[in-house]
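Using our numbering, the letters of the sequence shown correspond one by one to residues 182 to 430.
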Amino acid sequence: MIGDSISMEKVCYSVGGRRILEDFDFCLERGVNRTILGVSGAGKTTILKLLLGLLQPDSGRVCIGDVCITGLSETRFLEQRKRIAIVFQGGALFDSMTVGENVGYRLFEAGQLSVRAIERIVLEKLSFVGVEQAVNLYPAELSGGMKKRVAIARALAADPDYIFFDEPTTGLDPIGVYNICNLMQKLQAEGKTTLMVTHDLITAFATSERFTFLHRARMIFEGTEAEMKESDIPEVREFLRPTEESLFV
Ligand SMILES: Nc1ncnc2c1ncn2[C@@H]1O[C@H](COP(=O)(O)OP(=O)(O)OP(=O)(O)O)[C@@H](O)[C@H]1O
Ligand SMILES: [Mg+2]
Numbered sequence: 182m183i184g185d186s187i188s189m190e191k192v193c194y195s196v197g198g199r200r201i202l203e204d205f206d207f208c209l210e211r212g213v214n215r216t217i218l219g220v221s222g223a224g225k226t227t228i229l230k231l232l233l234g235l236l237q238p239d240s241g242r243v244c245i246g247d248v249c250i251t252g253l254s255e256t257r258f259l260e261q262r263k264r265i266a267i268v269f270q271g272g273a274l275f276d277s278m279t280v281g282e283n284v285g286y287r288l289f290e291a292g293q294l295s296v297r298a299i300e301r302i303v304l305e306k307l308s309f310v311g312v313e314q315a316v317n318l319y320p321a322e323l324s325g326g327m328k329k330r331v332a333i334a335r336a337l338a339a340d341p342d343y344i345f346f347d348e349p350t351t352g353l354d355p356i357g358v359y360n361i362c363n364l365m366q367k368l369q370a371e372g373k374t375t376l377m378v379t380h381d382l383i384t385a386f387a388t389s390e391r392f393t394f395l396h397r398a399r400m401i402f403e404g405t406e407a408e409m410k411e412s413d414i415p416e417v418r419e420f421l422r423p424t425e426e427s428l429f430v
């Protein structure tokens, strides 16, 4: 069983000579659904990749439960890592596989369950997200909203404790946004902990209790929706209510 938090301590990360994160501290406690906010290009996706061990920090530590994963090989922290799933920005489905094969992919790879058992899980997860009728279709045959739902079903297949969502509602119409928010709330009610990165405030406020605001490589705010709305930090105020002055920033 994973420990009860995922954390970053004093993480620095640069790419192409540009500092993306500077002494970044972060904690996702089990059971506290959180959103990381920040403008486009701020480094939100980078944070998720660091938490998953897909990127290594230049300095600082990333811990999953009690295990510091920084510098560990993937196989060494796989036991911890498999308690976390991610729904990538854009879905990242395999185009050459059907929806069902996409959702069952990791279970087939793990080779621990029979084909029948995997098929049952695939249908259960697809039905949870409301697209079981698409099981034999290919990603190219789906709408954007359906792709996102299939990507969520795929993330759920391994029954993770934590689910990361990278911009799950970007590009969806209001009904699509509502559907995804609803799904996230259903997962939370089942005891999953969600971490979302987004710049979409409607989705953020509908699904999260706490918020982390990233600006110029640093966390400049951490707190509840009410605290954020009352914040006098200029960047936070501007993000919530852009003004004409924002045009010249
Ligand atoms: N492989 C790379 N090489 C060079 N720069 C990169 C690379 N990957 C990311 N970056 C830069 O790092 C910064 C942070 O990227 P990241 O994808 O984490 O931003 P983001 O906050 O998720 O943005 P968005 O909201 O647009 O998805 C961006 O400015 C990006 O241009
Ligand atoms: Mg991103």
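The beta-carbon is built from N, C-alpha and C at its ideal position, and this holds for glycine as well.
Exercise for the section: Give a single yes or no on whether E290 has its beta carbon closer than 7 Å to a heavy atom of ligand 1. Expected result: E290 Cβ: outside cutoff for every heavy atom of ligand 1.
Exercise for the section: Hey, could you find the ends of the alpha helix (DSSP H) E300 is sitting in? Expected result: E300 -> alpha helix (DSSP H) spans 296-310.
Practice task
Tell me whether the beta-carbon of T424 lies closer than 8 Å to the beta-carbon of D381.
Solution key: Contact flag unset, no.
Practice task
Compare the beta carbon distance of L364 and V310 with 8 Å and say whether it is the shorter of the two.
Solution key: It is a contact, given that the beta carbons lie within the stated cut-off.
Practice task
Assign E390 to one of three DSSP states: helix, strand, or coil.
Solution key: Three-state DSSP puts E390 in coil, outside helix and strand.
Practice task
Sort R199, Y194, G224, K373 by Cα distance to T393 and report the nearest one.
Solution key: Restricting attention to R199, Y194, G224, K373, the CA atom closest to the CA of T393 is found in G224.
Exercise for the section: Check whether the Cβ of S221 lies closer than 7 Å to any heavy atom of ligand 1, and answer yes or no. Expected result: Taking 7 Å as the cut-off, the C-beta of S221 counts as close to a heavy atom of ligand 1.
Problem - At least 3 beta-carbon pairs within less than 8 Å: the region 340-348 vs the region 222-239 - result: Yes: at least three Cβ pairs fall under 8 Å.
Practice task
Give every residue whose Cβ lies closer than 7 Å to any heavy atom of ligand 2, listed in chain order.
Solution key: So the residues near ligand 2 by this Cβ test are K225, T226, Q270, D347, E348, V378.
Exercise for the section: Using three-state DSSP, classify I228 as helix, strand or coil. Expected result: I228: helix per DSSP, three-state reduction.
Exercise for the section: Output the distance between the C-alpha atoms of M182 and C244, rounded to the nearest integer angstrom. Expected result: Note that M182 has pLDDT 46, beneath the 50 cutoff, so the model's placement of it is unreliable and no number is given.
Exercise for the section: In the DSSP assignment, find the unbroken alpha helix (DSSP H) run with G404 in it and report its ends. Expected result: For G404, no alpha helix (DSSP H) segment is defined; the enclosing uninterrupted segment is the beta strand (DSSP E) at 399-404.
Handout entry: Inter-residue Cα distance where the pair is L307 and A334
Key = Distance from the CA atom of L307 to the CA atom of A334, rounded to whole angstroms, is 6 Å.
Practice task
Can you tell me which of K191, V280, S195 puts its alpha carbon nearest to the alpha carbon of G241?
Solution key: Closest by alpha carbon: K191.
Handout entry: Closest residue to E203 among L209, G212, E210, C193 (Cα-Cα distance)
Key = Relative to the Cα of E203, the nearest Cα in the group L209, G212, E210, C193 belongs to C193.
Practice task
Under 8 Å Cβ to Cβ from A273, same chain only, skipping five residues before and after it: list those, please.
Solution key: Excluding residues within five positions, the ones whose Cβ falls inside 8 Å are A332.
Problem - Spatial neighbours of R399 in its chain, beta-carbon cut-off 6 Å, leaving aside the 5 residues before and after - result: So the list reads E203, once near-sequence residues are dropped.
Practice task
From the DSSP output, read off the bridge partner residues of E203.
Solution key: Looking at the DSSP output, E203 sits in no beta bridge, so it has no partner there.
Handout entry: Range covered by the alpha helix (DSSP H) that runs through L259
Key = Annotation: the continuous alpha helix (DSSP H) that includes L259 extends over 255-262.
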